[in-house]
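If you read the protein sequences in the order shown, they are chains A and B.
Under our numbering, the first residue of the first sequence is numbered 1, with each subsequent residue one higher.
Under our numbering, the first residue of the second sequence is numbered 356, with each subsequent residue one higher.
Quick reminder that beta carbons are idealized off the backbone N, C-alpha and C, glycines included.
Heads up: the structure comes next, in structure tokens.
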Amino acid sequence: MIRIEPRENPSRAFAFGIPILSAVISLALAAIPLLAAGANPITAYGEMIKGVFGSVFAVSEMLTRATPLIFTGLAAALAFRAKLWNIGAEGQLYLGAMAAVAIGSGLLDISGILLLPLIIVLGAAAGAAGMMAPTYLKVRFGADEVVTTLLLNFIILIFLQMMLEGPLQDPMGLGWPQSAPVLDQGMLPPLMDRMRVHSGLILALVLAAIAQFMLARSVWGFKLRAVGENAAAARHAGINVRRSLFGVAAISGALAGLAGVSEVAGLKGYLTADLSPGFGYTGIVVAMLAGLSPVGVVIAALFIASVFVGADSMSRAMGVSSFLADLVVSMSLLCVLVGGFLAKYRILRTKGAKA
Amino acid sequence: MMDLLNILMTESFWAASLRIATPLIFGVLGALICERAGVLNLGIEGIFVVGAMCGWMAVWLGTGLWGGVLVAALAGAFFGLLHAILTVPLGLSQHVSGLGITLFATSVSYYTYRTALPDVSSPPRIEPFRALDIPIVSDLPFFGPVLFQQTALTWLALLMVALVWYVMNRTALGVAIKAVGDNPDSVDAQGLSVYGLRMGAIVAGSALMALGGAFLTMSAFDAFFFGMVNGRGWVCIALVIFASWRPGKALLGALLFGAFDALQVRLQTEMGALVPGQVFLMAPYILSIIALVIAARSADYPRALLTPWFKGQR
Numbered sequence: 001m002i003r004i005e006p007r008e009n010p011s012r013a014f015a016f017g018i019p020i021l022s023a024v025i026s027l028a029l030a031a032i033p034l035l036a037a038g039a040n041p042i043t044a045y046g047e048m049i050k051g052v053f054g055s056v057f058a059v060s061e062m063l064t065r066a067t068p069l070i071f072t073g074l075a076a077a078l079a080f081r082a083k084l085w086n087i088g089a090e091g092q093l094y095l096g097a098m099a100a101v102a103i104g105s106g107l108l109d110i111s112g113i114l115l116l117p118l119i120i121v122l123g124a125a126a127g128a129a130g131m132m133a134p135t136y137l138k139v140r141f142g143a144d145e146v147v148t149t150l151l152l153n154f155i156i157l158i159f160l161q162m163m164l165e166g167p168l169q170d171p172m173g174l175g176w177p178q179s180a181p182v183l184d185q186g187m188l189p190p191l192m193d194r195m196r197v198h199s200g201l202i203l204a205l206v207l208a209a210i211a212q213f214m215l216a217r218s219v220w221g222f223k224l225r226a227v228g229e230n231a232a233a234a235r236h237a238g239i240n241v242r243r244s245l246f247g248v249a250a251i252s253g254a255l256a257g258l259a260g261v262s263e264v265a266g267l268k269g270y271l272t273a274d275l276s277p278g279f280g281y282t283g284i285v286v287a288m289l290a291g292l293s294p295v296g297v298v299i300a301a302l303f304i305a306s307v308f309v310g311a312d313s314m315s316r317a318m319g320v321s322s323f324l325a326d327l328v329v330s331m332s333l334l335c336v337l338v339g340g341f342l343a344k345y346r347i348l349r350t351k352g353a354k355a
Numbered sequence: 356m357m358d359l360l361n362i363l364m365t366e367s368f369w370a371a372s373l374r375i376a377t378p379l380i381f382g383v384l385g386a387l388i389c390e391r392a393g394v395l396n397l398g399i400e401g402i403f404v405v406g407a408m409c410g411w412m413a414v415w416l417g418t419g420l421w422g423g424v425l426v427a428a429l430a431g432a433f434f435g436l437l438h439a440i441l442t443v444p445l446g447l448s449q450h451v452s453g454l455g456i457t458l459f460a461t462s463v464s465y466y467t468y469r470t471a472l473p474d475v476s477s478p479p480r481i482e483p484f485r486a487l488d489i490p491i492v493s494d495l496p497f498f499g500p501v502l503f504q505q506t507a508l509t510w511l512a513l514l515m516v517a518l519v520w521y522v523m524n525r526t527a528l529g530v531a532i533k534a535v536g537d538n539p540d541s542v543d544a545q546g547l548s549v550y551g552l553r554m555g556a557i558v559a560g561s562a563l564m565a566l567g568g569a570f571l572t573m574s575a576f577d578a579f580f581f582g583m584v585n586g587r588g589w590v591c592i593a594l595v596i597f598a599s600w601r602p603g604k605a606l607l608g609a610l611l612f613g614a615f616d617a618l619q620v621r622l623q624t625e626m627g628a629l630v631p632g633q634v635f636l637m638a639p640y641i642l643s644i645i646a647l648v649i650a651a652r653s654a655d656y657p658r659a660l661l662t663p664w665f666k667g668q669r
């Protein structure tokens, strides 16, 4: 018989070791699909590493890919800390992106230095607004926010298509469903010449640092953690649980909205319906790999971005489907989940007798 | 208003409603079984994709249509077993595990499809299930076209509603499954295996979900496309709450949803000039949220839903 019992002192080494181990195991497991595709795994891993670290350009691409994942990872991590299951970052990302192009492409007559800050603030506000309805339905009616935020993603995506074929469509775009470009003064400046990495990354890193500090040191962070750990006890201790939930919902939605702002105003310059290849959903994996810690989110986002960029490059070189990256990412989530279990419990073999 | 009545009177409208409802019937029943046993299965969206891909690919490789249905069910059961291991004996977060299963199942399916067919731009087609043309009854005035010209998979879905209802309400197994989702301690006290019942329910439910996906590639369409499941799994999770975890109401919910979806397509063609088409496309998802809110108030949900249970710990 096998018996499971909680560890008395979950070691801190587990907190750091498990995500790293999960990442390594999921990468190692990728050998199976590589072999199935008839590729040599060693060559493939070599191509992946070259694709991420082989040149300044490669590193720039990786950092560019990590930027939106830091935003969506933070969005998930903060919400999950309060046990608010915001699975709607994908939709909130597009709300932020729509706000960015609506203001940034010259529909409003705002010129000069004010445009970029306004895009950032209103993009964040749009994302936050997208999280209000599910939070209200949760606290008022008890409607599961997992389902409402998931369904909202689809609603927002359809709304996006409507906007891109309507008010937001580029009049010069020959009828393509894409927005007009963001004006130059509304763009997040690039960090390096002739590279795609842009100052959205700096914004993401600053926000991660602020989130880390607030979560660990501020009253707000204390309340947030209290609500997440035991809402009933938090209420008993005089914490306004509803207000805490709305607060973290707004911040989570805003962070996801900023992912959209950063992709539009930092990278693409205009908005199409395929702006995000699932950054919102991948953010959940980033947050879980990070153990819901904001600093961890940065590291996990760099890892996941490396997997994506490396797999893309390997795919071009070897003809293996780049869906391999999605496989590795999803396996790392399952690995870290199991690892979290092993950190909290130990599995004992009790001899012979049935318990 | 007359237009609306005209639409509701047509045979083709109700036939379409039942067709659209079919994958949802499978999905809602699958989710119902899992949740009755106390486990939320957010793997449903990915299991739909697996069912769609595996069913199609099996037929494409020559197993025949029913072979494809079997392969789809087995593939769904496999991913269900994975979710079952993570959430039942390991007692991990059902939310996160389910999302992980969805991501994993989806990427496995996409990767397999791309690896098997690296260079195709237009997906290869199979010969899908045909409408079962039953002599005499198919010629009945209204019911003939609505009921008796559906494919065999729609009939299988309706049969499953009856079967799940029977098992849940008339057998000892059903009583045990419901008990394990309400009060696992009492089930354990009777000497039944909580783990076994819960894991079995998840595996069976996931197999049903995969059939919903298989319907898409083997009956509704004749090929596999990326993104073809398009949130149907999540809709099922909303519908099962609307259905208060009852098979009969699950059928009703799926049919209402199907009717609404069929209606929006028709309204779109009639009113396309006045309102952008996307407004109608959004409607089914909004309807699901409304259904969720209405039902959440009175929810007689399984008491132990989302609560892990460990042997020997009270």
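field: Contact list for Ala651 of chain B against chain A, beta-carbon separation under 7 Å
entry: The residue you call residue 651 of chain B lines up with position 296 of the second sequence. Those are Phe141, Gly142 and Ala143, listed as they occur along chain A.
query: Bridge partners of Tyr345 of chain A, per DSSP?
result: In the first sequence, counting from the first residue as 1, residue 345 of chain A sits at position 345. A:Pro6.
- prompt: When DSSP labels each residue in this structure, what does Ala646 of chain B get in the three-state scheme?
  reply: Residue mapping note: residue 646 of chain B aligns to position 291 of the second sequence, counting from 1. Three-state DSSP puts Ala646 of chain B in a helix.
- prompt: Among all the DSSP beta bridges, which residues are the ones paired with Ser179 of chain A?
  reply: In the first sequence, the residue the question calls residue 179 of chain A occupies position 179. According to DSSP, which records beta bridges pairwise, Ser179 of chain A is partnered with A:Gln169.
- request: Write down the C-beta distance between Leu337 of chain A and Leu429 of chain B rounded to the nearest angstrom, noting that I regard them as a contact closer than 8 Å.
  value: Numbered from 1 along the first sequence, position 337 holds the residue referred to as residue 337 of chain A. Numbered from 1 along the second sequence, position 74 holds the residue referred to as residue 429 of chain B. 24 Å between Cβ atoms; not a contact.
- prompt: Out of curiosity, what's the CA-to-CA distance linking Ala427 of chain B and Leu118 of chain A?
  reply: Translated into the one-based positions of the second sequence, residue 427 of chain B becomes position 72. Translated into the one-based positions of the first sequence, residue 118 of chain A becomes position 118. The alpha-carbon atoms of Ala427 of chain B and Leu118 of chain A are separated by roughly 51 Å.
- prompt: Is Leu495 of chain B buried or exposed, if buried means 16 or more other CB atoms sit within 10 Å of its CB?
  reply: By 1-based counting over the second sequence, the position of residue 495 of chain B is 140. Exposed is the call here.
- prompt: Any heavy atom of the ligand NAD within a distance shorter than 7 Å of the CB on Leu429 of chain B?
  reply: What this structure holds is no ligand at all, so the ligand NAD is not there to describe.
- request: Report all residues from its chain with a CB closer than 8 Å to the CB of Lys268 of chain A; omit the five preceding and five following residues, and keep chain order.
  value: Locating residue 268 of chain A in the first sequence gives position 268, counting from the first residue. Leu275, listed in sequence order.
query: Just checking, does the region 112-132 of chain A make contact with the region 85-97 of chain A on the three C-beta pairs under 8 Å criterion?
result: yes
- request: Starting from Pro190 of chain A, follow its DSSP beta bridges and name the residues at the other end.
  value: The residue labelled residue 190 of chain A in the question sits at position 190 within the first sequence. Per DSSP, A:His198.
query: At a CB-CB cut-off below 8 Å, which residues of chain B make contact with Asp326 of chain A?
result: As a first step, residue 326 of chain A must be located in the first sequence, where it is residue number 326. Here the neighbours are Leu458, Thr461, Ser462, Tyr465 and Tyr466.
task: Say whether chain B places a C-beta atom closer than 8 Å to the C-beta of Ala37 of chain A.
output: Stepping through the first sequence from its first residue, residue 37 of chain A is reached at position 37. So yes, Ala37 of chain A belongs to the interface.
- prompt: Thinking C-beta only, is Ser372 of chain B closer than 8 Å to Leu151 of chain A?
  reply: For the purposes of this step, residue 151 of chain A is identified with residue 151 of the first sequence, where counting begins at 1. For the purposes of this step, residue 372 of chain B is identified with residue 17 of the second sequence, where counting begins at 1. Contact flag unset, no.
query: How should Lys354 of chain A be labelled, buried or exposed, when 16 other C-beta atoms within 10 angstroms of its C-beta is the threshold for buried?
result: Translated into the one-based positions of the first sequence, residue 354 of chain A becomes position 354. In this predicted model, Lys354 of chain A has a pLDDT of only 44, less than 50, meaning its place in the structure is not dependable; the value taken from the coordinates is given anyway. It counts as exposed.
- request: State the DSSP-derived secondary structure class of Ala598 of chain B, mapped to helix, strand or coil.
  value: Against the second sequence, residue 598 of chain B aligns to sequence position 243. Of the three classes helix, strand and coil, the one that applies to Ala598 of chain B here is coil, per DSSP.
query: What's the C-alpha gap between Ala407 of chain B and Ala565 of chain B?
result: Here residue 407 of chain B is taken as the residue at index 52 of the second sequence, counted from 1. Here residue 565 of chain B is taken as the residue at index 210 of the second sequence, counted from 1. The straight-line gap from Cα to Cα measures roughly 7 Å.
message: Suppose contacts are defined by Cβ-Cβ distances below 8 Å. Is Gly586 of chain B in contact with Ile402 of chain B by that definition?
response: In the second sequence, residue 586 of chain B corresponds to position 231, counting from 1. In the second sequence, residue 402 of chain B corresponds to position 47, counting from 1. No, the Cβ-Cβ distance between Gly586 of chain B and Ile402 of chain B is not below 8 Å.
- prompt: Cβ of Val295 of chain A within 8 Å of Cβ of Ala234 of chain A?
  reply: The count along the first sequence starts at 1 and reaches residue 295 of chain A at position 295. The count along the first sequence starts at 1 and reaches residue 234 of chain A at position 234. No, they are not a contact pair.
- prompt: Residues of chain A with CB under 9 Å from Trp415 of chain B, in chain order?
  reply: For the purposes of this step, residue 415 of chain B is taken as the residue at position 60 of the second sequence. Near Trp415 of chain B there are no residues of chain A at all, since even the closest Cβ is about 18 Å away, more than 9 Å.
task: Identify the contact partners of Ile592 of chain B in chain A, using a Cβ-Cβ distance below 7 Å as the criterion.
output: In the second sequence, residue 592 of chain B corresponds to position 237, counting from 1. Near Ile592 of chain B (Cβ distances below 7 Å), the residues of chain A are Val147.
message: Across the region 63-82 of chain A and the region 338-347 of chain A, are there enough close Cβ pairs to call them in contact, namely three or more that are closer than 8 Å?
response: no
- request: Can you tell me which of the three DSSP states Ala37 of chain A falls into?
  value: Here residue 37 of chain A refers to the residue found at position 37 of the first sequence. DSSP places Ala37 of chain A in coil when its eight states are reduced to three.
- prompt: Taking Cβ-Cβ distances shorter than 7 Å, what residues in chain B pair up with Val307 of chain A?
  reply: The residue given as residue 307 of chain A occupies position 307 in the first sequence. Under the 7 Å cutoff, chain B gives no residues; its nearest Cβ is about 12 Å from Val307 of chain A.
Cβ shell of Ala659 of chain B (< 7 Å), same chain only, five flanking positions each side left out: Stepping through the second sequence from its first residue, residue 659 of chain B is reached at position 304. Exclusion of the five residues before and after Ala659 of chain B leaves Gly393, Gly536, Asp537, Asn538 and Pro539 as the residues of its chain whose Cβ lies within less than 7 Å of its Cβ.
message: Taking CB distances under 8 Å as the criterion, tell me whether Val648 of chain B reaches chain A.
response: Here residue 648 of chain B corresponds to residue number 293 of the second sequence, with the count starting at 1. Yes, its Cβ sits closer than 8 Å to a Cβ of chain A.
field: Opening and closing residue of the alpha helix (DSSP H) in which Met515 of chain B lies
entry: Sequence index remark: in the second sequence, residue 515 of chain B carries index 160 (1-based). Where Met515 of chain B is concerned, the enclosing alpha helix (DSSP H) stretches over Ala507 to Arg525.
message: For chain A, check one thing: does any of its Cβ atoms lie closer than 8 Å to the Cβ of Pro490 of chain B?
response: The count along the second sequence starts at 1 and reaches residue 490 of chain B at position 135. Not closer than 8 Å to any Cβ of chain A, the Cβ of Pro490 of chain B fails to qualify, so no.
message: Residues of chain A with CB closer than 7 Å to the CB of Trp589 of chain B, please, in chain order.
response: Indexing the second sequence from 1 puts residue 589 of chain B at position 234. Residues of chain A passing the Cβ test: Val147, Leu150 and Leu151.
query: Do you know whose CA, among A:Ala125, A:Leu116 and A:Met163, lies nearest Leu183 of chain A's CA?
result: Walking along the first sequence from the start, residue 183 of chain A turns up at place 183. The candidate whose alpha carbon is nearest that of Leu183 of chain A is A:Leu116.
message: According to DSSP, is Ala486 of chain B part of a helix, a strand, or is it coil?
response: Here residue 486 of chain B refers to the residue found at position 131 of the second sequence. Looking at Ala486 of chain B - three-state DSSP - the assignment turns out to be strand.
message: Only counting the same chain, and skipping five residues up and downstream in sequence, which positions put a Cβ closer than 8 Å to that of Val153 of chain A?
response: Stepping through the first sequence from its first residue, residue 153 of chain A is reached at position 153. Reading the sequence as shown, one finds Asn at residue 153 of chain A and not Val. If we look at Asn153 of chain A and ignore the five residues flanking it on each side, its Cβ neighbours are Ile87, Gly88, Glu90, Gly91 and Gly280.
- prompt: So, helix, strand or coil for Ala355 of chain A, using DSSP?
  reply: Indexing the first sequence from 1 puts residue 355 of chain A at position 355. A caution first: Ala355 of chain A carries a pLDDT of 41, below 50, which makes its placement in the model unreliable, though a value can still be read off. Here Ala355 of chain A sits in coil by DSSP.
- prompt: What are the partner residues of Thr272 of chain A, as DSSP defines its beta bridges?
  reply: Your numbering for residue 272 of chain A matches position 272 in the first sequence. A:Gln178, per the DSSP bridge assignment.
message: Three or more C-beta pairs under 8 Å: does that hold for the region 569-588 of chain B against the region 617-624 of chain B?
response: Result no; under three Cβ-Cβ pairs closer than 8 Å.
message: Less than 8 Å between the beta carbons of Gly560 of chain B and Cys389 of chain B, yes or no?
response: On the second sequence, residue 560 of chain B is found 205 positions in, with the first residue counted as 1. On the second sequence, residue 389 of chain B is found 34 positions in, with the first residue counted as 1. With contacts defined by Cβ atoms closer than 8 Å, Gly560 of chain B and Cys389 of chain B form a contacting pair.
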